[in-house]
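Novice: In case it helps, mature numbering (1 follows the signal peptide of the UniProt record, and there is no 0) puts the sequence shown at residues -18 to -1, 1 to 341.
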Amino acid sequence: MFKWLCLFLFLISQASCNDSIKNNPAYPISATPQLPFEVYSEEFAKILGVRPQLFHVADGFGFTEGPAYLSIKNSEEGYLLFTDQINDNILILRWHGLLPYNQITLLSWSKPVVFRHPSNIADGQTIDSEGRLLTAETTGRRVSVTELTGEVKTLVGFYDGKPLNSPNDLVVKSDGTVWFTDPGYGCLQFPQECYLPNNVYRYNPKTKDLDAVITDFKMPNGIAFSPDEKILYVIDSGAIQAPRTYYEKYPHAIYSFDVTEDGSKVTNKRLFTTVAPGFPDGMRLDHEGNIYVGALDGVQVFNPKGELIGKIRMPKETANLTFGGKDNNVLFICSSDSIWAIKLNTKGAKPVPELAKAS
């Protein structure tokens, strides 16, 4: 179980990292609001606490995406893996935790290093129940899995005999099935042709069945389940068709669906909320069902009713985020060329995957 952990330690000690990456960069005061939090409800005020503090962990990347957190069992420590699409990297950051005073400090992390290059323009990522890394690859046109041995394999790459478009984001349900979005962004940005509709898929690793569960989205993007997994949330970011484009008449919204009792399909599509300015990208939920969404102005937070309860304002466009840390209460934020972190008075909806500690 700890083979992958040993591989991580080797990478951290041996990997050469881009010299442009800066650990704990200076806070860009001139480029961000003096007060980076907007509170619209008491519930969000409780989530932030009395003195919330946003930490600029690292910058110098091209465009960060796909954060996924893996904890070391019986330890304060863990690993944050994330992608840099511009530089075609997957990176890894060692998280040391909140000791000694239960707060983030400059001792809470080590400088990120390159975990995999090239990455096939890796985008969204998640960790399954076995601690394996699942990655949506734009130009690889597949969902790959990094085994605990470090071996990278294709989990799924074809539907109906045709290559996938460019998998974007994914989530693993508690039954082990993998749900992922497959928009055509890769075919708009790279020399590849799309042969399939922009679908949302459900993959069953036990039966090897791949089913299109949503087929009517313009550009399916972020995807997540409610804490009880009875609701599936999916972002349609059709308003952006290619870099530096924006079509306001197209979707920039989150939709919700009821998951059928057997967990194999979704029904009852409805608009959950429209996100502006810009468009929504990735999202995660806390254990109370609040949705945290990456957007043009930072992280927008909605309650289960679809009401905007607050914002964590960021200096630049924010793509994705994830909960992590030993107590699942640290929000890691991928915002343009940077990684940020903030401790919250809540926990992520999904338990943090764990690796056995090497002895």
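Glycine is no exception: its CB is placed at the ideal position from the N, C-alpha and C atoms. If you're wondering where the values come from, they're calculated on a predicted model, not measured in any experiment.
(1) Out of 324, 303 and 261, which has the shortest C-alpha to C-alpha gap to residue 107?
(2) Which same chain residues end up closer than 7 Å to residue 257 when comparing Cβ atoms and leaving out the 5 residues on each side of it in sequence?
(3) Would you say the beta carbon of residue 230 comes nearer than 7 Å to a heavy atom of the ligand FAD?
(4) Where does residue 289 sit, in a helix, a strand or coil, going by DSSP?
(5) So what does residue 235 bridge to, in DSSP terms?
(6) Using 8 Å for Cβ pairs, my map puts residue 254 next to residue 288. What's the rounded Cβ distance?
(7) Quick check: the stretch 82 to 94 against the stretch 31 to 41, are at least 3 beta-carbon pairs closer than 8 Å?
(8) Need the endpoints of the beta strand (DSSP E) that residue 247 sits in, please.
(9) I'd like the list of long-range same chain contacts for residue 198, defined as Cβ closer than 7 Å, with 5 residues on each side in sequence excluded.
(10) Rounded C-beta distance between residue 291 and residue 25? I'm assuming under 8 Å.
(11) Is the stretch 146 to 159 in contact with the stretch 113 to 128, if contact means three or more CB pairs nearer than 8 Å?
(12) Sort 145, 159, 29 and 263 by Cα distance to residue 217 and report the nearest one.
(13) What do you get for residue 142, buried or exposed, if any count of 16 or more other CB atoms within 10 angstroms of its CB means buried?
(14) Please state the DSSP three-state secondary structure of residue 27.
(15) Who are the near neighbours of residue 167 in its chain, counting only those whose CB is closer than 6 Å to its CB and skipping five residues on each side?
(16) Which two residues bound the contiguous alpha helix (DSSP H) that contains residue 167?
(17) Quick one: what does DSSP say residue 150 is sitting in, helix, strand or coil?
(18) Report all residues from its chain with a CB closer than 6 Å to the CB of residue 286; omit the five preceding and five following residues, and keep chain order.
(19) What's the gap between the Cα of residue 268 and the Cα of residue 210?
(20) Kindly indicate which residue of 203, 170, 312 and 183 has the alpha-carbon position closest to the one of residue 161.
Specialist: Looking at the atomic coordinates:
(1) With distances taken between Cα atoms, residue 107 lies closest to 303.
(2) Hits under 7 Å: 234, 235, 236, 275, 277 and 282.
(3) Looking at this structure, you won't find the ligand FAD or any other ligand, since it has none at all.
(4) In this structure, residue 289 counts as coil in the three-state DSSP scheme.
(5) Beta-bridge pairing links residue 235 to 218 and 256.
(6) So it is a contact: roughly 5 Å between Cβ atoms.
(7) Under the three-pair Cβ rule at 8 Å, the stretch 31 to 41 counts as touching the stretch 82 to 94.
(8) In this chain, residue 247 is not harboured by any beta strand (DSSP E), its DSSP state being neither H nor E.
(9) For residue 198, same chain residues with a beta-carbon under 7 Å away, outside a window of 5 residues either side, do not exist.
(10) Yes, residue 291 and residue 25 are in contact; Cβ-Cβ is about 6 Å, under 8 Å.
(11) Taking a contact to require three or more Cβ pairs closer than 8 Å, the stretch 146 to 159 and the stretch 113 to 128 qualify as touching.
(12) Here the closest residue by C-alpha is 263.
(13) Label assigned to residue 142: exposed.
(14) Three-state result, residue 27: helix.
(15) Contacts found: 148.
(16) Segment 167 to 171, the alpha helix (DSSP H) holding residue 167.
(17) Three-state DSSP puts residue 150 in coil, outside helix and strand.
(18) If you ignore the 5 residues before and after residue 286, its C-beta comes within less than 6 Å of the C-beta of 271, all in its own chain and listed in chain order.
(19) Answer to the nearest angstrom: the Cα atoms are 11 Å apart.
(20) Ranking the options by Cα distance to residue 161, first place goes to 183.
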